[in-house]
Structures are given as structure tokens and as C-alpha cells.
Amino acid sequence: MALLLQGANVDKSAYAGYARTVAAFGFVVVVPNHTRTLYGVPGLWASSDEGLTAVAWAAAENSRADSPLAGRIDADTLVLLGHSFGGAAGLGIVQGQCAPPFCFGLPAGAVRPAQLKAAAFFGTSNVPPGGGTAPAVDNTGVPLALVQGSADGVAPPAAAQATYDALTAGPKALVTVTGANHYGLTDVQNPPGALPDASVQPLDQTESIRTSARWSALFLRASLGDALAASYVRQWGDAVDSAVTVQQAY
Numbered sequence: 054m055a056l057l058l059q060g061a062n063v064d065k066s067a068y069a070g071y072a073r074t075v076a077a078f079g080f081v082v083v084v085p086n087h088t089r090t091l092y093g094v095p096g097l098w099a100s101s102d103e104g105l106t107a108v109a110w111a112a113a114e115n116s117r118a119d120s121p122l123a124g125r126i127d128a129d130t131l132v133l134l135g136h137s138f139g140g141a142a143g144l145g146i147v148q149g150q151c152a153p154p155f156c157f158g159l160p161a162g163a164v165r166p167a168q169l170k171a172a173a174f175f176g177t178s179n180v181p182p183g184g185g186t187a188p189a190v191d192n193t194g195v196p197l198a199l200v201q202g203s204a205d206g207v208a209p210p211a212a213a214q215a216t217y218d219a220l221t222a223g224p225k226a227l228v229t230v231t232g233a234n235h236y237g238l239t240d241v242q243n244p245p246g247a248l249p250d251a252s253v254q255p256l257d258q259t260e261s262i263r264t265s266a267r268w269s270a271l272f273l274r275a276s277l278g279d280a281l282a283a284s285y286v287r288q289w290g291d292a293v294d295s296a297v298t299v300q301q302a303y
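Quick note: the sequence shown uses my numbering, first residue 54, plus one each step.
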């Protein structure tokens, strides 16, 4: 099962094309709207405890007799997808950290499910607001990919590079999608309610979605032991895909 953690105030419906593309690679993709009030502001704010909720839901849904997914979910395997704020919340899950503004009230370690196997986040960094040094990210045991638009004006490429450098363990990858901006994985540019990206995306939206989803899904499959996906991601995929440049370590 793949849990997609939404960007700040980006409705789940905006990820329809991306989620369908990832699902085509063999994943059950769950895209919830996570509504909560953050510092007095109600909205769609992802949280680092969503992984725990998703694991419980998968187990229940897998055994519910009238569920269309009964018996079809690998409830022992969780992978994460995330966008922007949701990706940052996902970094908390990877590290087992419950830290504001992504999580409140849970003890250290509690938010990392035992079922977590890998993660791929788009437009995500852990560089402090206003700049500064990216703190180390302990992703031991969780292969992690950062998929980044080269034209992202909200979470700039330099911040993604700093976050990639801060990952303490491999496998890890930084996949830069040429011409994509911060909303290169949503169905439309600047979804209603979300912080707009003033940086224009020259890449076709459909191609941006397909490229971002393909590399995310194949990285996750490679991390789960798929030999063909591993060959593509680690050896020859970037050579045949002119839309990306890939930096990686193992």
C-alpha cells in the first residue's frame, strides 16, 4: 500500500492522475484528505501520524468481506508518497519523529510503523524557513527518493539538494524533473486553496505527472526487491529518460 501525504491545502482530488499512474505499477494508493487546525488555521494539513492510521485501515479493509479490496492489500508493506508539506510530514514518519507542525502529542518513535519499507517525496525539503542548514535525516532502513522540479519556485532545487545530502543512509536518490515546478504532480497548476508557484512550468503537465509518478513508483518497487525496477532506477533509466537527471547513493 502507498500512502500519499498531500501538500498544504491541496485537495486529494488534485492527485488523481498521479495516483492512478503510481497505482498502474501495482500499488494500492491511498490519498486521504487530512483536515486539522494548525496554529488556529483550519485546513488540509498532512500529519506524521497518518502512517499509523493507514496501516490500521489497510488491515481492516483487507479483512472486510464486502470491501472491493478484500485480500488485495499487502497490509504488511507500507510505502510513502508525499508532496511539499506532506513530504515533510513523511520525513517525520521515516525518522519516527512527532514534531510540530507536522505532528503533536505522540512519543518519539511512535509514528514510524513497522510496516514502513520506502518513501518517495516530491517538492520536499527540511531546510528551515528562511534558510539555514538542513538537519540530518536518519532514514536508516527506509530507502528514500526526493523527486524535484527544476523550475520549483516554492521548494527550490537547492533545498532538495541540501535535504538529499542530509539523508544519512542509502539507498537514496534525487531525481530532478527538468521543467517541472512545485505543482508538477497535480492535475492542474496552482490548485485552488494552495500557495501558488509563481515560477512558470514549461513542461507539459501530463508529462510532468507521468515522469514524477514513474520514477517514484519504480524507486519504491526497486526498494521492495523488484529486480527490473532496480535495474531501471539504478543503472540505465536516466540515460534513456531525457526528462530527468538522477543523483543516487547506495
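For glycine and all other residues, C-beta sits at the position ideal for the given N, C-alpha and C. Please read all numbers here as calculations on a predicted model, not as lab measurements.
For residue i, the three-state DSSP class (helix, strand or coil)
{"i": "Pro-95", "result": "strand"}
{"i": "Gln-242", "result": "coil"}
{"i": "Gln-201", "result": "strand"}
{"i": "Thr-231", "result": "coil"}
{"i": "Phe-138", "result": "helix"}
{"i": "Arg-287", "result": "helix"}
{"i": "Val-311", "result": "The chain is shown from 54 up to 303; residue 311 falls before or after that span and cannot be answered."}
{"i": "Gln-254", "result": "coil"}
{"i": "Thr-193", "result": "coil"}
{"i": "Val-299", "result": "strand"}
{"i": "Val-63", "result": "coil"}
{"i": "Phe-175", "result": "strand"}
{"i": "Arg-89", "result": "strand"}
{"i": "Val-84", "result": "coil"}
{"i": "Ala-128", "result": "coil"}
{"i": "Leu-281", "result": "helix"}
{"i": "Leu-159", "result": "coil"}
{"i": "Leu-248", "result": "coil"}
{"i": "Leu-273", "result": "helix"}
{"i": "Leu-220", "result": "strand"}
{"i": "Ala-42", "result": "The requested residue 42 is not part of the displayed model; the chain covers only 54 to 303."}
{"i": "Ala-118", "result": "coil"}
{"i": "Ala-213", "result": "helix"}
{"i": "Ala-324", "result": "Nothing in the structure corresponds to residue 324, since the chain is present only between 54 and 303."}
{"i": "Ala-55", "result": "strand"}
{"i": "Ala-208", "result": "coil"}
Own chain, CB closer than 7 Å to residue i, minus 5 neighbours either side, in chain order
{"i": "Glu-114", "result": "Ser-120, Leu-122, Ile-126"}
{"i": "Lys-65", "result": "Gln-59, Val-84, Pro-85, Asn-86"}
{"i": "Pro-188", "result": "Asn-179, Ala-219"}
{"i": "Ala-212", "result": "Ser-178, Val-180"}
Pairwise C-alpha distance: residue j and residue i
{"i": "Ala-302", "j": "Pro-224", "result": "6 Å"}
{"i": "Val-108", "j": "Thr-130", "result": "9 Å"}
{"i": "Phe-157", "j": "Asn-243", "result": "28 Å"}
{"i": "Ala-161", "j": "Val-286", "result": "33 Å"}
{"i": "Leu-97", "j": "Ser-284", "result": "37 Å"}
{"i": "Ala-111", "j": "Val-132", "result": "12 Å"}
{"i": "Gly-292", "j": "Leu-199", "result": "First, the residue type needs correcting, since residue 292 is Ala and not Gly in the sequence shown. Roughly 18 Å between the two C-alpha positions."}
{"i": "Phe-80", "j": "Met-54", "result": "6 Å"}
Close Cβ partners of residue i (< 6 Å) along its chain, the five nearest in sequence each way excluded
{"i": "Ser-261", "result": "Ala-233, Gly-237"}
{"i": "Ala-282", "result": "Leu-271, Arg-274, Ala-275"}
{"i": "Gly-139", "result": "Leu-58, Gln-59, Gly-60, Ala-99"}
{"i": "Gln-148", "result": "Asp-191"}
Option nearest residue i by Cα separation, candidates the options
{"i": "Leu-169", "options": "Gly-104, Gly-140, Phe-157", "result": "Gly-104"}
{"i": "Ala-128", "options": "Val-83, His-136, Gly-143", "result": "Val-83"}
{"i": "Thr-106", "options": "Ala-61, Asp-64, Val-94, Val-164", "result": "Val-164"}
{"i": "Leu-134", "options": "Asn-62, Ser-265, Thr-259, Ala-189", "result": "Ser-265"}
{"i": "Thr-221", "options": "Leu-144, Gly-290, Thr-90", "result": "Leu-144"}
{"i": "Pro-210", "options": "Val-190, Gly-278, Gly-194, Thr-231", "result": "Thr-231"}
{"i": "Ala-215", "options": "Gln-288, Pro-160, Gln-300, Ala-292", "result": "Gln-300"}
{"i": "Gly-93", "options": "Pro-154, Ala-247, Ala-167", "result": "Pro-154"}
{"i": "Tyr-71", "options": "Val-241, Gln-254, Ser-101", "result": "Val-241"}
{"i": "Ser-101", "options": "Ala-69, Pro-95, Ala-141", "result": "Ala-141"}
{"i": "Leu-248", "options": "Asp-205, Gln-288, Trp-289", "result": "Asp-205"}
Residues of its chain near residue i, where Cβ-Cβ distance is below 8 Å and the 5 sequence neighbours each way are ignored
{"i": "Ser-137", "result": "Gly-60, Ala-61, Val-63, Phe-175, Gly-176, Thr-177, Val-207, Ala-208, His-235"}
{"i": "Leu-91", "result": "Trp-98, Pro-154"}
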